[in-house]
Amino acid sequence: MGWLDSLFQAVGNIRCEWRTMRQRRFHFLIFFVTGRCNARCPFCFYWRERGQEADELSLTEIERLAQTTPPFDILLLSGGEPFLRADLAGLVSLFNQHSGIRVASIPTNGLLPERVTSTTKRILESNPELHLSINLSLDGLGELHDRTRGVTGSFGKVEECVSLLTQLRQSYPGRLEVTLNSVICAENYETLPKLARYAATHYDLDGHFFEIIRGDPEDESTKAVPHEALRRVYEQVFPIQMGYFRRRARGSFPLRWWRRMTFAGNLLYQYRTQYGNYAHGRRWDAPCLAGQTIAVVDYNGNVRACELHTPIANLRDHGGDFGAIYCSSAMEPERMQAQSHQCDCTHVCFITSSRMHSPRARFWLVPWLYLRYLLFRQVVG
8 MGWLDSLFQA VGNIRCEWRT MRQRRFHFLI FFVTGRCNAR CPFCFYWRER GQEADELSLT
68 EIERLAQTTP PFDILLLSGG EPFLRADLAG LVSLFNQHSG IRVASIPTNG LLPERVTSTT
128 KRILESNPEL HLSINLSLDG LGELHDRTRG VTGSFGKVEE CVSLLTQLRQ SYPGRLEVTL
188 NSVICAENYE TLPKLARYAA THYDLDGHFF EIIRGDPEDE STKAVPHEAL RRVYEQVFPI
248 QMGYFRRRAR GSFPLRWWRR MTFAGNLLYQ YRTQYGNYAH GRRWDAPCLA GQTIAVVDYN
308 GNVRACELHT PIANLRDHGG DFGAIYCSSA MEPERMQAQS HQCDCTHVCF ITSSRMHSPR
368 ARFWLVPWLY LRYLLFRQVV G
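Here the working numbering is used: the first residue of the sequence shown is 8, the next is one more, and so on.
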């Protein structure tokens, strides 16, 4: 690709981003497909729902959900442990068929390596246009990870799962991403830079992400991460995260530069927002669009504007019609609360959706934060 083609592609990307930003349409659904889990993490914010199976939406009910959502792009399937649902592959296909999703993202604790791999393969085979991301949880090396997940042998299972998935990825070039996600909590914050270096040198990953603990965990002491310690974690893992981008970079120099600026700036924006909110209670730079561009459905059909808010309705009380709830007057107070910064938090999915639809964030803060890092190596502040 020549420089002129790269320029046209970059201009096309900007035009696409501008349309997305102006529309503020619904584009992201978080669906907690089950409350069941085979781990016992003390920092889990979903612990009150743990072990629930009887109330799970059936595949027929999920098809109705998929049929009644506005067309959207990104589906995040969470839990519990999503891969405990035997019908997970069929579930993804329903959303691909009826909602037109382009991307599916599934977090997993990796305790079932063979099942995760076989289900991932079925999803990819059944949905040939879909981009799939599998995000494995890894919170420490060896026994530390076992302790944070409450299951002996967890670390070895995750390593096995990473190996199987990265082998599978070779058969689906450009369609399967394998990443790690680490929760920053009281028990592991001092060791996370070491974990980041280990993962970067021992696994063939597409990325490694770090999330400060959020919500209302079963063990409140896990939230005790000192502010300066969080800053140090961000500062030390950011260069390692950029290494994943460099490894996967493709295209001409102008295109690579644009993508690098966007990737780095978006990550720096996330860290700035999370650190500012966690350490100083600082409001976001852009209003949250919970209940507008992004929403949540629980395993039992409860619908929320945000997973940290109380449910506003249940699908079963509305004939399974998500659109009716999404467009109802009950959703409006939730949207107003979020947009007026009354409940700003550290949730990366909502921060990302907010950034995507903010001209100031996308065309000023993201480039500026990247430039500031190049000049001063400043990650947060």
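C-beta atoms are modelled at their ideal positions from N, C-alpha and C, and glycine is treated no differently. These figures come from a predicted structure and were not determined experimentally.
{"Item": "Entirely enclosed alpha helix (DSSP H) segments - the segment 55 to 104, minimum 4 residues", "Value": "66 to 75"}
{"Item": "DSSP-derived helix/strand/coil call for V240", "Value": "helix"}
{"Item": "Start and end residues, beta strand (DSSP E) containing E184", "Value": "183 to 191"}
{"Item": "Selected residue, minimal CA-CA separation from R311, among N116, E341, R182", "Value": "E341"}
{"Item": "Per-residue DSSP class, three states only, for V310", "Value": "strand"}
{"Item": "Coarse secondary structure for L36, derived from DSSP in three states", "Value": "strand"}
{"Item": "At least 3 beta-carbon pairs within less than 8 Å: the segment 226 to 236 vs the segment 321 to 329", "Value": "no"}
{"Item": "DSSP three-state assignment for R254, whether helix, strand or coil", "Value": "helix"}
{"Item": "Counterpart residues of G214 in DSSP-defined beta bridges", "Value": "T186"}
{"Item": "For N142 and K164, the rounded distance between their alpha carbons", "Value": "14 Å"}
{"Item": "Whole-number beta carbon distance between I319 and M338, since they are thought to touch under 8 Å", "Value": "6 Å"}
{"Item": "Local conformation of F115 per DSSP, three classes", "Value": "For the record, residue 115 in the displayed sequence is Thr; it is not Phe. In the structure shown, T115 sits in a strand (DSSP, three-state: E or B)."}
{"Item": "Assigned secondary structure, S365 (DSSP; H/G/I helix, E/B strand, else coil)", "Value": "coil"}
{"Item": "Integer Cβ distance of T159 from E194, believed to fall under 8 Å", "Value": "With 8 Å as the limit, T159 and E194 do not qualify as a contact, their Cβ atoms being about 16 Å apart."}
{"Item": "L139 (DSSP reduced to helix, strand or coil)", "Value": "strand"}
{"Item": "R176 burial status per 10 Å Cβ neighbour count (16 or more: buried)", "Value": "buried"}
{"Item": "Whether A73 touches L95 by CB criterion (8 Å)", "Value": "no"}
{"Item": "Reduced DSSP category for N284 - H, G, I as helix; E, B as strand; rest coil", "Value": "helix"}
{"Item": "Exposure label - D223; buried when at least 16 CB within 10 Å", "Value": "exposed"}
{"Item": "Helix, strand or coil at C23 [DSSP, three-state]", "Value": "No answer about C23 holds up, because its pLDDT of 49 lies below 50 and its placement is not dependable."}
{"Item": "Buried versus exposed, by CB contacts within 10 Å (16 or more), F270", "Value": "buried"}
{"Item": "DSSP bridge partner residues for N321 (one or two, in chain order)", "Value": "N309"}
{"Item": "Enclosing beta strand (DSSP E) for A302 [first to last residue]", "Value": "301 to 304"}
{"Item": "Coarse secondary structure for A203, derived from DSSP in three states", "Value": "helix"}
{"Item": "Buried or exposed (CB count within 10 angstroms, at least 16 for buried), Q299", "Value": "buried"}
{"Item": "Other residues of its chain near C352: CB distance less than 7 Å, five sequence neighbours each side excluded", "Value": "R221, N284, L315"}
{"Item": "W264 versus Y377: straight-line alpha-carbon distance, rounded", "Value": "11 Å"}
{"Item": "Check whether V190 and D153 have beta carbons under 8 Å apart", "Value": "no"}
{"Item": "Between the CA atoms of C168 and L66 - distance to the nearest angstrom", "Value": "27 Å"}
{"Item": "Y276 vs R362 beta-carbon contact at 8 Å", "Value": "yes"}
{"Item": "Euclidean distance between Cα positions of D62 and T41", "Value": "9 Å"}
{"Item": "Identified DSSP bridge partners for S144", "Value": "N188"}
{"Item": "DSSP bridge partner residues for A297 (one or two, in chain order)", "Value": "I301"}
{"Item": "Where L381 falls, given that 16 or more other Cβ within 10 Å makes a residue buried", "Value": "exposed"}
{"Item": "Alpha carbon of A302 to alpha carbon of L151, nearest angstrom", "Value": "34 Å"}
{"Item": "Beta-carbon gap between P89 and F33 smaller than 8 Å", "Value": "no"}
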